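S.K.:
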Amino acid sequence: MNTVKTVRELRAAVAAARAEGKHISLVPTMGNLHAGHAALVEKAAQRSDFVVASIFVNPLQFGANEDLDKYPRTLVDDQQKLVKAGCNLLFTPSVEEMYPNGMNGQTRVSVLGVSEGLCGASRPGHFDGVATVVSKLFNIVQPDLAIFGQKDYQQLAVIRTLVNDLNMPIQIIGEPTVRSADGLALSSRNGYLTDEQRSAASVLYKSLQEIAAGLKAGEHDRAQLIARAQSQHAAAGFSPDYLEIRDASSLRPATEQDRQLVILVAAFIGNTRLIDNLLVDLDKPA
Ligand code: PAF
Numbered sequence: 025m026n027t028v029k030t031v032r033e034l035r036a037a038v039a040a041a042r043a044e045g046k047h048i049s050l051v052p053t054m055g056n057l058h059a060g061h062a063a064l065v066e067k068a069a070q071r072s073d074f075v076v077a078s079i080f081v082n083p084l085q086f087g088a089n090e091d092l093d094k095y096p097r098t099l100v101d102d103q104q105k106l107v108k109a110g111c112n113l114l115f116t117p118s119v120e121e122m123y124p125n126g127m128n129g130q131t132r133v134s135v136l137g138v139s140e141g142l143c144g145a146s147r148p149g150h151f152d153g154v155a156t157v158v159s160k161l162f163n164i165v166q167p168d169l170a171i172f173g174q175k176d177y178q179q180l181a182v183i184r185t186l187v188n189d190l191n192m193p194i195q196i197i198g199e200p201t202v203r204s205a206d207g208l209a210l211s212s213r214n215g216y217l218t219d220e221q222r223s224a225a226s227v228l229y230k231s232l233q234e235i236a237a238g239l240k241a242g243e244h245d246r247a248q249l250i251a252r253a254q255s256q257h258a259a260a261g262f263s264p265d266y267l268e269i270r271d272a273s274s275l276r277p278a279t280e281q282d283r284q285l286v287i288l289v290a291a292f293i294g295n296t297r298l299i300d301n302l303l304v305d306l307d308k309p310a
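Note that the sequence shown covers residues 25 to 310 in my numbering.
#1: Using DSSP with H/G/I as helix, E/B as strand and the rest coil, what is Ser211?
#2: Put Thr27 into one of helix, strand or coil per three-state DSSP.
#3: Please list, following the chain, all residues that have a C-beta closer than 6 Å to any non-hydrogen atom of ligand 1.
#4: Going by CA-CA distance only, name the one from Tyr216, Ser159, Gln179, Thr218 that's closest to Asn191.
#5: How many angstroms separate the CA atom of Arg71 from the CA atom of Ala259?
#6: At 4 residues or longer, what runs of the alpha helix (DSSP H) sit wholly inside the stretch 163 to 206?
#7: Using a 10 Å radius around the Cβ and a threshold of 16 neighbouring Cβ atoms, would you call Asn82 buried or exposed?
#8: If you drop the 5 nearest sequence neighbours on each side, which residues of the same chain put their C-beta closer than 8 Å to that of Glu66?
#9: Quick one: using the 10 Å Cβ neighbour count with 16 as the cut-off for buried, is Thr30 buried or exposed?
#10: Per the DSSP calculation, Ile235 is bridged to which residue(s)?
#11: Excluding the 5 residues flanking Met127 on each side, which residues of the same chain have their C-beta closer than 6 Å to its C-beta?
#12: According to the Cβ coordinates, are Leu302 and Leu232 closer than 8 Å?
#13: Taking Val107 as part of the alpha helix (DSSP H), name the residues at either end of that continuous run.
#14: Are Lys230 and Ala209 touching if we call contact CB-CB under 8 Å?
#15: Would Ile79 and Asp102 be called neighbours here (beta carbons separated by less than 8 Å)?
#16: I'd like to check one pair, Val107 with Val182: are the Cβ atoms closer than 8 Å?
#17: Is the number of C-beta pairs between the stretch 260 to 278 and the stretch 141 to 156 that are closer than 8 Å three or more?
#18: In the DSSP assignment, find the alpha helix (DSSP H) that holds Asp219 and state where it starts and stops.
#19: Apart from the five residues just before and just after Phe74, which ones in its own chain have a Cβ nearer than 6 Å to its Cβ?
#20: Confirm, please, whether the CB-CB distance from Ala225 to Leu288 is below 8 Å.
#21: Under three-state DSSP, which class holds Asp152?
#22: Alpha helix (DSSP H) containing Leu64: first to last residue?
#23: Give the range of the beta strand (DSSP E) segment to which Arg270 is assigned.
#24: Go ahead and label Asn26 buried or exposed: buried means 16 or more other beta carbons lie within 10 angstroms of its beta carbon, across all protein chains shown.
#25: Under the rule that 16 or more other beta-carbon atoms within 10 Å means buried, what is Thr53, buried or exposed?
#26: Would you mind reading off the limits of the beta strand (DSSP E) that contains Gln130?
#27: What is the rounded straight-line gap between the Cα of Pro193 and the Cα of Thr185?
#28: Whole-angstrom Cβ separation of Ser311 and Asn56, contact assumed at under 8 Å?
#29: Let me confirm a value: Val100 is counted as buried when at least 16 other C-beta atoms fall within 10 Å, else exposed. Which label applies?
#30: Strictly by DSSP, which residues pair up with Gln284?
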């Protein structure tokens with residue numbers, strides 16, 4: 025696996041692969057890779073002949089009081105994991121390479137609708153930062169397909185909308201969330217948790233499963249399902265950000281008529297904000 029830092033080197037390497045008739049995939053990441061990222065790269069290697077991964081901690085998607093400075097940077101370890109998972113080329117640009125005119129001089133991409141509410145409400149500007157950097161990566165690499173984790177469910181919806189609205193000829197694949205044995209979704213931010221917080225954190229997924237079971241059992245009082253889960257979160261030491269049941273494709277608040285739902289949660293434990301979600305298909309038997 026080659027590692028390149030500039031757009032020029034990246035384009036030359038991808039052009040050479042394309043000239044050999046290879047089908048190109050892209051797995052964008054911010055590094056500090058775990059088994060969830062490895063699963064994305066493995067899927068990319070199954071679905072294409074040449075896998076490009078990027079590691080770029082994108083300052084444009086972090087708010088002023090967020091964890092940009094402390095976000096873990098673990099390049100050597102990441103490179104080993106990428107080789108093992110089947111990556112062919114790693115792109116690790118600097119901030120100057122990605123934003124040569126500075127962040128304030130950078131053209132922004134804003135996706136309407138699905139980026140509003142949920143994380144879009146709690147993290148103003150976050151999805152503009154994501155949509156901008158992902159658009160740039162798509163234009164730099166010009167992959168045939170790109171793979172993202174479903175753990176960032178709203179992000180995946182934003183990227184699907186972006187590609188559709190801007191007619192980008194890129195297939196977007198969402199991969200299921202990889203979880204620890206106790207159900208906690210793998211996330212680079214889990215590394216911020218103390219041992220006590222880490223064991224408490226499994227409550228998030230358990231509560232999503234309980235809400236899903238309630239919905240499947242035909243419970244009409246959805247506010248009650250949410251309230252019960254929120255008190256479980258509070259008992260485990262979480263402060264709420266949001267916990268909502270939405271239509272799985274539009275991300276509109278779910279109505280009684282919607283059958284494909286997603287339950288989305290964001291909550292703080294100490295200073296760490298964790299997110300998770302669970303798809304619920306009311307047409308499938310429990
Ligand atoms: O999900 C992430 O790691 C990031 O938001 C992404 C898609 C790599 C854009 O910076």
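Glycine included, each C-beta is placed from N, C-alpha and C at the ideal position. Note that the coordinates shown come from a computational prediction; the quantities given were computed from them, not determined experimentally.
M.R.: Checking against the coordinates, here is how it stands:
#1: Correct three-state label for Ser211: coil.
#2: Thr27 falls in the strand class under three-state DSSP.
#3: Pro52, Thr53, Met54, Asn82, Gln85, Val154, Val157, Val158, Asp176, Gln179
#4: Ser159
#5: 43 Å
#6: 177 to 189
#7: Asn82 should be labelled buried.
#8: Ala109, Gly110
#9: exposed
#10: DSSP, once it has assigned bridges, lists no residue as partnering Ile235.
#11: Counting only residues of its own chain and dropping the five nearest sequence neighbours on each side, Met127 has a CB closer than 6 Å to the CB of Leu84.
#12: The answer is yes: Cβ separation under 8 Å.
#13: 99 to 109
#14: Remark: C-beta atoms of Lys230 and Ala209 do not approach each other more closely than 8 Å.
#15: It is a contact, given that the beta carbons lie within the stated cut-off.
#16: no
#17: yes
#18: 219 to 224
#19: Ala41, Lys46, Ile48, Asn112
#20: no
#21: helix
#22: 59 to 71
#23: 262 to 271
#24: Burial call: exposed.
#25: It is buried - the Cβ of Thr53 has at least 16 other Cβ atoms within 10 Å.
#26: Here Gln130 belongs to no beta strand (DSSP E), and DSSP marks it neither H nor E.
#27: 13 Å
#28: The structure shown does not extend to residue 311, since the chain is modelled only from 25 to 310, so the question has no answer here.
#29: So Val100 ends up on the exposed side.
#30: Asp305
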